[in-house]
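Asks:
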Amino acid sequence: MNTPSEVAASDDFAATLVRWQRQHGRHDLPWQTGQAYGVWVSEIMLQQTQVQTVIGYYARFMQRFPTLAALAAADEAAVMESWSGLGYYARARNLHRAAREVMSRFGGDFPRTVDDIESLPGIGRSTASAIATFCFGARAPILDGNVKRVFARVFGIDGFPGTRAVEQRMWALAHKLMPDQDGAAYTQALMDLGATVCTRNRPRCDACPVAGRCVARAQGRQRELPAPRPARVRPLRLVHALLLRTPDAVLLERRPGQGIWGGLLSLPELAAQSEAEALAEAQRWLAVRGLAAHQVQVLPAVSHGFTHFELRLVPLLAHLAMATPFAADSTLHWQPLGTLATAALPAPVRRLLDTLVPTGHD
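For the sequence shown, UniProt numbering assigns the number 1 to the initial residue and increments by one for each residue that follows.
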């Protein structure tokens, strides 16, 4: 059920935001072209990532894959390489899969309806609605993180937005507020308002076009709304990995397409739960492949937080005089040190190698 504030604000909320967006919103983002391919790539990149970070990645990605057909024709390794450093790599794998589905299912033409767009890998309801609204004039409301924060504050909606009840209430409100005209400008206004004014920390209420009707501002609850995710203890996952290097290369392994870091290059993992087990397993690993190292050294762990667990990556460093080639179909290969900077590496592995191995960074 809508609260009185929701009902009272719904009449001219959209019109107010559209007027504000025309004067104060963002109009020069590189993907604001109305072209579905570019809008889609940007929407996927912007999931969990700030605009300023995305802009550079977007430009490089579009230069390498200028069309949907080019992306579909690329191999996964090239896509992952272009995504390296942006994180949440399942987005890149799904983007690649979706491009191929557009080619096979829709004849290379990006689908125009929300349902068809949402049927593609990696595209949820809000993202599909944004693409349909920006590119095809649909009347399809969105509900991303920025919009949830705006709704929670302006309309005084309690509860964590990730819960089913709160999200359903916000979707109902989103549909009610979506205007019949100027849908793209209104949608962009919501995004801009959340990203530049109604920010998570230090919201600029003095610059907000709907500050006069904002429940959170009136009640001094900007810090409380939206309600934070309920606290939970993330389990610890301990992983030992072999960092094997020569004077000019480091050994990397292509991970399977699914699961954590799917499709990325990483360090070979060892089946061990203790330092002693890891040292013994490292020697066995080397012996099976006909490799010999004078010493295997346990290095300090690297920590990395995921949504559902905390990773502690313990590297075991070993040096070889020269690289021994592997079979062509092996997942193992020697990566030249000079190319590590552009390799598709998980963030904690990149941090580790940047510390221990010269990568050619300025």
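Built from N, CA and C at the ideal position, the CB exists for glycine as well.
#1: Quick check on the DSSP output: the alpha helix (DSSP H) that includes residue 85 runs from which residue to which?
#2: Are at least three pairs of beta-carbons, each pair with one atom in the segment 285-303 and one in the segment 314-323, less than 8 angstroms apart?
#3: Do you know how far the Cα of residue 121 is from the Cα of residue 8?
#4: Pop quiz: residue 271 and residue 281 are said to be a contact at Cβ under 8 angstroms. What is the actual Cβ separation, rounded to whole angstroms?
#5: Could you pull the start and end residues of the alpha helix (DSSP H) that residue 207 belongs to?
#6: With the cut-off set at 8 angstroms, would you say residue 185 and residue 60 are in Cβ contact?
#7: Looking only at its chain, what residues have a beta carbon closer than 8 angstroms to the beta carbon of residue 102, apart from the 5 residues adjacent to it on each side?
#8: With 16 as the cutoff for other CB atoms within 10 Å, does residue 164 come out buried or exposed?
#9: If the criterion is Cβ atoms closer than 8 angstroms, does the pair residue 226 and residue 149 meet it?
#10: Relative to the C-alpha of residue 243, which candidate in 349, 125, 328 and 80 has its C-alpha closest?
#11: Can you tell which of 221, 209, 190 and 188 has its C-alpha closest to the C-alpha of residue 202?
#12: Going by the beta-carbon positions, is the gap between residue 264 and residue 57 smaller than 8 angstroms?
#13: Along the chain, where does the alpha helix (DSSP H) that runs through residue 40 open and close?
#14: Let me confirm a value: residue 79 is counted as buried when at least 16 other C-beta atoms fall within 10 Å, else exposed. Which label applies?
#15: Could you check what DSSP says for residue 275 in three-state terms: helix, strand or coil?
#16: With 16 as the cutoff for other CB atoms within 10 Å, does residue 236 come out buried or exposed?
#17: Excluding the 5 residues preceding and the 5 following residue 192 in the sequence, name in chain order all residues of the same chain whose CB lies nearer than 7 angstroms to its CB.
#18: Are there 16 or more other CB atoms within 10 angstroms of the CB of residue 188, so buried, or fewer, so exposed?
#19: Quick check: what's the CA-CA separation for residue 114 versus residue 131?
#20: With a CB to CB cut of under 6 angstroms and the five nearest residues on each side skipped, what residues in its chain are close to residue 81?
#21: By the 10 Å Cβ neighbour count, where 16 or more other Cβ atoms means buried, how is residue 144 classified, buried or exposed?
#22: In angstroms, rounded to a whole number, what distance separates the CA positions of residue 35 and residue 238?
#23: Residue 347 and residue 38 look like a contact to me (Cβ under 8 angstroms); what is the Cβ gap, rounded to whole Å?
#24: With DSSP as the reference, label residue 327 as helix, strand or coil.
#25: Measuring alpha carbon to alpha carbon, tell me which residue in 342, 289, 283 and 240 is nearest residue 267.
#26: How far does the alpha helix (DSSP H) with residue 171 in it extend, from its first residue to its last?
#27: Which partner residues of residue 312 appear in the DSSP bridge assignment?
Replies: Taking the geometry as given:
#1: Taking the first residue of the sequence shown as position 1, residue 85 is located at position 85. Segment: none, residue 85 is in no alpha helix (DSSP H) and carries neither H nor E.
#2: yes
#3: Your numbering for residue 8 matches position 8 in the sequence shown. Your numbering for residue 121 matches position 121 in the sequence shown. Per-residue confidence for residue 8 stands at a pLDDT of 48, beneath the threshold of 50, marking its modelled position as unreliable; no derived number is given.
#4: For the purposes of this step, residue 271 is taken as the residue at position 271 of the sequence shown. For the purposes of this step, residue 281 is taken as the residue at position 281 of the sequence shown. Correct: roughly 6 angstroms between the Cβ atoms.
#5: For this step, residue 207 is matched to residue 207 along the sequence shown. Careful: residue 207 lies outside any alpha helix (DSSP H) and carries neither H nor E.
#6: Along the sequence shown, read from residue 1 onward, the residue named residue 185 stands at position 185. Along the sequence shown, read from residue 1 onward, the residue named residue 60 stands at position 60. No, they are not a contact pair.
#7: As a first step, residue 102 must be located in the sequence shown, where it is residue number 102. The residues are 68, 72, 108, 109, 110, 111 and 120.
#8: Taking the sequence shown and counting its residues from 1, the one referred to as residue 164 is at position 164. So residue 164 ends up on the exposed side.
#9: Mapped onto the sequence shown, residue 226 falls at position 226. Mapped onto the sequence shown, residue 149 falls at position 149. Yes, the Cβ-Cβ distance between residue 226 and residue 149 is below 8 angstroms.
#10: Start at 1 with the first residue of the sequence shown, and residue 243 comes out as number 243. With distances taken between Cα atoms, residue 243 lies closest to 349.
#11: As a first step, residue 202 must be located in the sequence shown, where it is residue number 202. Closest by alpha carbon: 221.
#12: Here residue 264 corresponds to residue number 264 of the sequence shown, with the count starting at 1. Here residue 57 corresponds to residue number 57 of the sequence shown, with the count starting at 1. No, the Cβ-Cβ distance between residue 264 and residue 57 is not below 8 angstroms.
#13: If you number the sequence shown from 1, residue 40 lands on position 40. The continuous alpha helix (DSSP H) containing residue 40 extends over residues 36-45.
#14: Against the sequence shown, residue 79 aligns to sequence position 79. Under this definition residue 79 is a buried residue.
#15: The residue labelled residue 275 in the question sits at position 275 within the sequence shown. Of the three classes helix, strand and coil, the one that applies to residue 275 here is helix, per DSSP.
#16: What you label residue 236 is simply residue 236 of the sequence shown in a count that begins at 1. By the neighbour-count rule (16 or more Cβ atoms within 10 Å), residue 236 is not buried but exposed.
#17: Stepping through the sequence shown from its first residue, residue 192 is reached at position 192. Within its own chain, the residues whose Cβ lies closer than 7 angstroms to the Cβ of residue 192, once the five positions on either side in sequence are excluded, are 21, 25 and 26, listed in chain order.
#18: In the sequence shown, the residue the question calls residue 188 occupies position 188. With 16 or more other Cβ atoms within 10 Å, it is buried.
#19: The residue you call residue 114 lines up with position 114 of the sequence shown. The residue you call residue 131 lines up with position 131 of the sequence shown. Between residue 114 and residue 131, the C-alpha separation is close to 8 angstroms.
#20: Numbered from its first residue, the sequence shown carries residue 81 at position 81. Taken in chain order, the residues that qualify are 344.
#21: As a first step, residue 144 is located in the sequence shown; it is residue number 144 there, counting from the start. Its Cβ being crowded by 16 or more others within 10 Å, residue 144 is buried.
#22: Indexing the sequence shown from 1 puts residue 35 at position 35. Indexing the sequence shown from 1 puts residue 238 at position 238. Note on geometry: alpha-carbon atoms of residue 35 and residue 238 lie some 44 angstroms from one another.
#23: Walking along the sequence shown from the start, residue 347 turns up at place 347. Walking along the sequence shown from the start, residue 38 turns up at place 38. Their Cβ separation, rounded to whole angstroms, is 26 angstroms, which puts residue 347 and residue 38 out of contact at 8 angstroms.
#24: As a first step, residue 327 is located in the sequence shown; it is residue number 327 there, counting from the start. Residue 327 falls in the coil class under three-state DSSP.
#25: By 1-based counting over the sequence shown, the position of residue 267 is 267. Among 342, 289, 283 and 240, the Cα nearest to that of residue 267 belongs to 240.
#26: To locate residue 171, count along the sequence shown from 1; it is residue 171. Start and end: 164-177.
#27: Taking the first residue of the sequence shown as 1, we reach residue 312 at position 312. The beta-bridge partner set that DSSP reports for residue 312 consists of 238 and 303.
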